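Numbering (the working numbering), first residue to last: 42 to 423. Heads up, the beta-carbon is just placed ideally off N, CA and C, and yes, glycines get one too. Values in this document were obtained by computation on a predicted structure and should not be read as measured data.
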Amino acid sequence: MSVRVANSFEALDRLLSDIHAGKKPKPDWIHLQAGCRLDKLKPDARREILLKLHGCVLRGFRARNVEIRSRQKRLNYWRSVASAGFHDFSDFGWMKCYDSPHVRDYDYIKPYLKGGLDALDPYEVYSSVLGTFDFGVEDFVATELCRDVHTIVEPMAGTAEFSYHGHFRYPDFRYVMIDLDTNAQSQVLRLPWLPETEKHYIVADVLDEAIWKQVKSIASGESLSYVGKQSHHLFNAKQLYDLMDVATRHVDYLMLETPQLAPVMDMGGTDDMTREEMEDAGFEVELVEEEDGEPNPFTNMMHFSLQASDGGGQRTIFTYRDWTVWQQPILVTLARLLDLNALYYHSELNEFVSVEDETEDCDVLDNVTFMMFTRREVPRLR
C-alpha cells in the first residue's frame, strides 16, 4: 500500500500537481500532517483542495492533525469533507470508492438539518453505522483460494456496497445483486457505475433455485457470493440451510460475514451507534432491544430495531424481527450436514484457512469473521 505525506499546503500542492501531471503515480493514501490542516481553511479553499485530493488518491486521505472543539464548526467541517466525495465510516481514514472518478456526496446529515428525523435517508444512516467498509472485494479475490474469481454475487444485497465499491477496482468483473427491496434496487442502479461494468440487480427471493440458475448462466470465471452479517441473520435455520445448499450448487464460493464470537446474552439491551456528526447535529442512533426481544440463549434469537431520536421524538429506521445470531460453530455444523468445506478469512495471513486448521491467532473473538463455504476441494495448511 502506497502512502504520501504532506506537511504543508505548499508541499501538498506540489504533490497533487505532480500526480495530476502524471509525474508521480496516485498513492493509496495521502497523510496530511503538521501545518497542512484542512480545518484552518475557508470553506471554498477547503473544497478546492478536497476535489484535487479526490482525483489524486486511490483510497483517500488521513488528517489526524485536525482539532475542532466547537460543535458547529466540527459539524461544518465534517459536512464539507463528506460532500466532497469522502466518507469516514471506516477506521482507515477518509475514504472514497477505490480510484472512483465520481465525487459522491456522503453528507447524510443535510436532510436532517432541513427536515428533522423524518427526512433522514434510512439507507444512508444504515451505511454510516452498520455498513462494512474495512474489507472489500479486493481483500478476498487476492487470496489463493479466490484468485480465479471474476463474478461477484451479492444475495440479500440491499444497497449493494460490497459490489459497488468492488467494481471500481475490478470493472471487468460481473456483478449480480439480488434482493426483495425495490427501493434499494432503484438506489443502487442510480449510482454512477462505470459504463464498462456488467451489472444485474434482480428483485427476487434468494431461496428460489431458479434465480441461482440464472446467476450461474450470467457468471464468468469462478464466482464468489457474499452475504453481510445484517442479512443472513434474518433467516431461520431451515432457510439458512437451504441458502447454503442452493447457493453452493450454483456458485463456487459462498461467504457469510459473522459478528464476533460471543454469548448471545451479551448482545441484548441498547447499543449506542451515534457518530460524532450525528451528535453535533442534535440526534442519536441506537440499536434498541424490543420489549419482547431479549436474546434467547437456546435459539440465539432476538428482536431489535435501529432507531434515531432527538429532543422532538424518535423514528425507527429498520426493524429486525426474528433476528438469529448465526455464529461460526453453528455455520460449520450446517456445512458438515451439507458436506461443504468450511473456511474462514484469517486477517493476519490474508488468506482463507480451513476451520480444521484453526490457529491460536485467529481473531474471531475480537473482529467480524468471514466464513467461506464451498463444494470444491480446498488446500490445507498442514
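Inter-residue spacing [alpha-carbon to alpha-carbon] between residue i and residue j
i      : j      : result
Arg423 : Asp222 : Only weak support exists for where Arg423 lies, its pLDDT of 49 falling under 50; the coordinates are left without a value.
Gly353 : Thr184 : 49 Å
Gly310 : Glu330 : 5 Å
Arg88  : Met306 : 46 Å
Arg55  : Cys97  : 12 Å
Leu275 : Thr299 : 13 Å
Gln355 : Arg362 : 19 Å
Leu186 : Ala62  : 38 Å
Glu389 : Val268 : 22 Å
Gln280 : Leu248 : 7 Å
Leu53  : Asp180 : 29 Å
Gln99  : Gly334 : The sequence as given places Leu at residue 99; Gln does not occur at that position. Going from the Cα of Leu99 to the Cα of Gly334 covers about 43 Å.
Ala75  : Met412 : 42 Å
Leu94  : Arg105 : 16 Å
Lys31  : Met136 : Outside the shown range of the chain (42 to 423) lies residue 31, about which nothing can therefore be said.
Leu381 : Thr289 : 8 Å
Gly199 : Glu51  : 43 Å
Gln301 : Pro336 : 16 Å
Lys155 : Glu320 : 16 Å
Val194 : Met218 : 6 Å
Val44  : Asp140 : 14 Å
Lys270 : Ser121 : 31 Å
Ala251 : Asp312 : 39 Å
Trp119 : Pro304 : 36 Å
Met308 : Thr315 : 17 Å
Val182 : Cys138 : 17 Å
Residue i - containing beta strand (DSSP E), residue span
i      : result
Lys240 : Glu239 to Val244
Glu165 : Run containing Glu165: none in the beta strand (DSSP E); it sits in the alpha helix (DSSP H), Pro163 to Leu171.
Leu384 : Asn382 to His387
Val394 : Glu392 to Ser395
Gly354 : Gly354 to Thr365
Val194 : Val190 to Glu195
Val247 : Val247 -> no beta strand (DSSP E), and no H or E assigned at all.
Met218 : Arg215 to Asp220
Met306 : Looking at the DSSP string, Met306 is not in any beta strand (DSSP E), and its letter there is neither H nor E.
Ala322 : It is not in any beta strand (DSSP E) - Ala322 instead sits in the alpha helix (DSSP H) that spans Glu317 to Ala322.
Asp351 : Met342 to Asp351
Ile71  : Trp70 to Leu73
CA nearest to the CA of residue i, picked from the options
i      : options                           : result
Ala123 : Cys97, Ser111, Lys151 and Thr360  : Lys151
His128 : Leu94, Ser169, Ala104 and Glu89   : Ser169
Pro420 : Lys155, Tyr361, His273 and Tyr385 : Tyr385
Trp364 : Ile71, Phe345, Thr357 and Leu372  : Phe345
Glu318 : Pro212, Phe176, Val268 and Lys114 : Lys114
Asp189 : Leu171, Pro336 and Phe214         : Phe214
Ala47  : Ala62, Trp70 and Arg417           : Trp70
Lys67  : Lys279, Asp312, Ser388 and Pro142 : Pro142
Tyr216 : Leu91, Leu381, Trp234 and Asn224  : Trp234
Asn277 : His291, Gln368 and Ala201         : Gln368
Asp132 : Thr173, Lys65, Ile193 and Tyr118  : Thr173
Lys81  : Lys137, Thr200 and Ser49          : Ser49
Leu171 : Arg145, Gln226, Glu202 and Ile90  : Glu202
Thr410 : Glu237, Val107, Glu108 and Pro370 : Pro370
His191 : Glu237, Ser43, Leu297 and Tyr211  : Tyr211
Leu232 : Leu158, Lys64 and Val144          : Val144
Ala225 : Pro196, Glu237, Asn391 and Glu239 : Pro196
Gly177 : Ser266, Met314 and Glu418         : Ser266
Ala349 : Pro236, Val182, Phe393 and Tyr153 : Tyr153
Unbroken alpha helix (DSSP H) run spanning residue i, endpoints
i      : result
Ala86  : Pro84 to His95
Arg120 : Arg112 to Ser124
Ile60  : Phe50 to His61
Gln226 : Thr223 to Arg231
Gly101 : First-last for Gly101: Gly101 to Arg103, but that is the beta strand (DSSP E), not the alpha helix (DSSP H).
Leu46  : Strictly speaking, residue 46 in this sequence is Val, with Leu absent from that position. Element bounds for Val46: not the alpha helix (DSSP H) but the beta strand (DSSP E), Val44 to Ala47.
Ile252 : Glu250 to Ile259
Met377 : The residue you asked about is not Met; residue 377 is Arg in the sequence shown. It spans Gln369 to Leu378 - the alpha helix (DSSP H) in which Arg377 sits, taken as one unbroken run.
His291 : Careful: His291 lies outside any alpha helix (DSSP H) and carries neither H nor E.
Phe209 : Glu202 to Arg210
Tyr153 : Lys151 to Gly156
Val144 : Careful: Val144 lies outside any alpha helix (DSSP H) and carries neither H nor E.
Phe181 : Val178 to Val182
Assumed close pair residue i, residue j - CB separation to whole angstroms, cut-off 8 Å
i      : j      : result
Asp293 : Ser272 : About 20 Å separates the two Cβ atoms, so there is no contact after all.
Gly134 : Arg103 : 4 Å
Val396 : Ala383 : 5 Å
Leu347 : Leu297 : That belief does not hold up - the Cβ atoms of Leu347 and Leu297 are roughly 21 Å apart, past 8 Å.
Leu116 : Asp351 : Actually they are not in contact, since the Cβ atoms of Leu116 and Asp351 sit about 14 Å apart, beyond 8 Å.
Leu91  : Ala125 : 4 Å
Take every Cβ of the segment 280–297, pair it with every Cβ of the segment 367–384, and state whether three or more of those distances are shorter than 8 Å.
-> yes
Please determine if the segment 252–264 and the segment 201–210 are in contact, where contact requires at least 3 C-beta pairs separated by less than 8 Å.
-> no
Does the pairing of the segment 312–326 with the segment 260–271 give three or more beta-carbon distances under 8 Å?
-> no
Take every Cβ of the segment 135–150, pair it with every Cβ of the segment 160–168, and state whether three or more of those distances are shorter than 8 Å.
-> yes
Do the segment 236–249 and the segment 336–350 meet, that is, are 3 or more Cβ pairs less than 8 Å apart?
-> no
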